[in-house]
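Under the working numbering, the first residue of the sequence shown is numbered 7, with each subsequent residue one higher.
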Amino acid sequence: MLGHDAVVIVSTNSEQKRNSDVTYPFRPDSNFWYLTGFIEPDAIAVFSKDSYVMFLRPKDETKEIWNGIRLGAELAPEILLVNQAYDIDTFFDHIDSFTKKGSAIYYDAPGGSGWKDHSSTNIHNKRIHSLFESRLKPLNPFVSEMRLIKDKEEIKNMQDAADLASEAHINAMKESIPGLFEHNIASVFDSHFRNGNSEHSYPPIVASGENACILHYTENNKELKNGDLLLIDAGCEINGYASDITRTFPINGKFNDAQREIYDLVLSAQKSAIQSIRPGVSSNKPHETACQIITDGLIKLGIMKSPEDLTKFYMHNTGHWLGLDVHDVGSKLVNGEFREFKSGMVTTVEPGIYIRRDDKIDPKYWGIGVRIEDDVLVTDKGNHVLSQKAAKEINEIEQLMSRQ
Ligand SMILES: [Mn+2]
């Protein structure tokens with residue numbers, strides 16, 4: 007894709023300070039992880055047509071006693087299959103020997119929003135920029151296209167991540183009772199993910215009652231009230247690959263009539279949106295499908311007067327790509343048109359309805375927020391719902407939550 011003389015430089019993040027001498031848990035940059043499989047901080051990979059070189063942290067007895075084993079340059083060829091490996095501190099002594107004069111260099115700041123992003127945490131990012139400025143080209147568009155189509159191993163990881171998170175959602179339904187707090191239910195996810203040697207792929211949303219109408223609610227500390235719904239948006243990652251699942255259910259185990267009306271509407275929009283997914287179909291089709299069903303339904307229930315009001319109740323898109331990043335790379339548009347689905351893509355399907363207090367709306371609907379989100383793999387013939395183990399039919403949920 008890049009031409010004979012091109013060189014690719016990909017770097018990962020440094021550890022980030024949390025407070026004092028405590029750092030945040032380290033998570034590699036997604037492009038770097040994808041291309042190298044190497045999970046240590048402070049590393050740079052250099053690829054050309056005939057070589058793959060890794061710059062990484064040197065072995066250091068004291069630091070390894072305190073903070074953990076480092077791979078080091080000596081073992082890197084055997085473990086990472088690189089041709090050569092060097093201490094990262096020597097990156098600028100060596101880099102000229104791997105780049106031909108005037109050749110294009112493809113590079114992006116790790117974890118940043120693009121190749122010109124100087125906020126990156128990698129220790130060498132700024133110097134790479136000043137050294138090669140005029141020769142740098144963005145690598146992201148190429149790697150994004152590759153990451154958009156998942157291979158067998160990636161799909162296996164994503165299925166595992168979806169299974170683990172689905173189990174946690176089921177556990178949360180079984181644990182929820184009025185009088186507990188949102189953080190008690192959040193801990194069900196912490197525990198299940200940790201038990202599965204996994205971690206959250208994003209901060210979970212555990213939103214009871216009208217908190218569900220705050221889209222990125224993460225306080226997760228209010229009391230669960232009898233008669234309210236609980237919306238949970240939580241997923242985990244396996245070998246870096248994310249799941250992203252939302253379920254909404256009644257805290258006391260039984261939907262009331264108004265909740266049932268809204269839930270049924272979101273569920274039918276979600277199921278139709280999923281059904282529309284297969285190779286060759288526009289990637290905007292699920293959103294169009296969901297918007298149409300929700301619009302018709304809300305007008306029929308008297309909550310909405312005209313289709314223009316939809317964004318008051320449904321203000322986000324119906325899906326996003328899913329992979330190493332929870333909002334994964336890959337543009338939705340190609341030459342100004344929505345890209346078509348292809349086998350191997352993974353998208354979320356997550357319509358919702360959020361009804362805040364409003365004098366023009368029947369009070370029985372106030373504070374109802376429902377979102378149902380699944381992770382959907384595009385297959386040769388249609389699609390496969392990776393998160394299908396997480397119950398979403400009303401009778402299934404009420405059955406799971408019945409406590410006779
Ligand atoms: Mn999502």
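C-beta atoms are modelled at their ideal positions from N, C-alpha and C, and glycine is treated no differently.
The beta carbon of P256 sits closer than 7 angstroms to those of L235 and Q265, all from its chain and outside the five residues before and after it, given in chain order. A residue is called buried when at least 16 other Cβ atoms come within 10 angstroms of its Cβ; P31 does not meet this threshold and is exposed. F61 carries a strand assignment under DSSP once its states are collapsed to helix, strand and coil. Taking H100 as the centre and dropping the five residues before and after it, the same chain places the C-beta of Y92 closer than 7 angstroms to its C-beta, in chain order. Per DSSP, reduced to three states, the secondary structure at G202 is coil, with no helix or strand assignment.
Spanning the alpha carbons of E205 and I50 requires a straight line of approximately 25 angstroms. Excluding residues up to 5 positions away in sequence, D93 lie with their Cβ nearer than 6 angstroms to the Cβ of P64 in the same chain. The secondary-structure analysis by DSSP pairs G375 across a beta bridge with Y360. Restricting attention to Y247, N201 and V194, the CA atom closest to the CA of N226 is found in V194.
By the criterion of at least three beta-carbon pairs nearer than 8 angstroms, the segment 165-178 is not in contact with the segment 127-144.
Counting the other Cβ atoms within 10 Å of the Cβ of M321 gives fewer than 16, which makes it exposed.
With a cutoff of 8 angstroms on beta-carbon distance, V332 and D250 are scored as near each other. Residue range I50 to F53 is occupied by the beta strand (DSSP E) that includes I50.
Shown here, I71 sits in a helix according to DSSP, grouped into three states.
Measuring C-alpha to C-alpha distances from G342 to each of S289, G325 and E399 identifies S289 as the nearest. Membership of V332 in any alpha helix (DSSP H) is not indicated, and neither H nor E is assigned to it by DSSP. DSSP, read as helix, strand or coil, puts Q298 in helix. A distance below 6 angstroms between beta-carbons, with the five flanking residues on each side excluded, links V149 to the following residues of its chain, in chain order: N37. The C-alpha of L237 lies about 20 angstroms from the C-alpha of T353. Shown here, D315 sits in a helix according to DSSP, grouped into three states.
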